[in-house]
Amino acid sequence: MSIMDAAEHWRAWLDRYGDDYATDEERRAAYRDFKANLAELTDVFSADDDRGNP
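This note's numbering applies: residue 2 is where the sequence shown begins, and numbers increase by one.
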């Protein structure tokens with residue numbers, strides 16, 4: 002699997018979820034929320050977060 006750059010990631014997200022929103026402003030806000038949620042989930046489930054577990 003190749004790593005997407007930011008523009009490719011936005012385009013893929015927009016292709017999949019863009020029709021769920023009526024305006025570009027709503028799409029941009031939803032994408033910001035998606036990115037924030039993804040970052041939080043990545044932090045929570047990262048291997049570095051598991052240091053204290055046996």
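All C-beta atoms in this analysis are idealised placements derived from N, C-alpha and C, irrespective of residue type, glycine included.
Item checked: Minimum length 3: unbroken beta strand (DSSP E) runs contained in the region 13 to 50 -> If only complete runs of 3 or more residues are kept, the region 13 to 50 shows no beta strand (DSSP E) anywhere.
Notebook entry, point to check: For residue 19 versus residue 28, is the C-beta spacing smaller than 8 Å?
Noted result: Cβ distance < 8 Å, so residue 19 and residue 28 count as in contact.
Margin query: For residue 42 and residue 36, I'd like the C-alpha separation in whole angstroms.
Written below: Rounded to whole angstroms, residue 42 and residue 36 show a C-alpha spacing of 10 Å.
Check: What's the C-alpha gap between residue 47 and residue 17?
Finding: Near 26 Å, if we compare the C-alpha coordinates of residue 17 and residue 47.
Check: Can you give the Cα-Cα distance for residue 33 and residue 22, rounded to whole angstroms?
Finding: Distance between the alpha carbons of residue 33 and residue 22 is about 13 Å.
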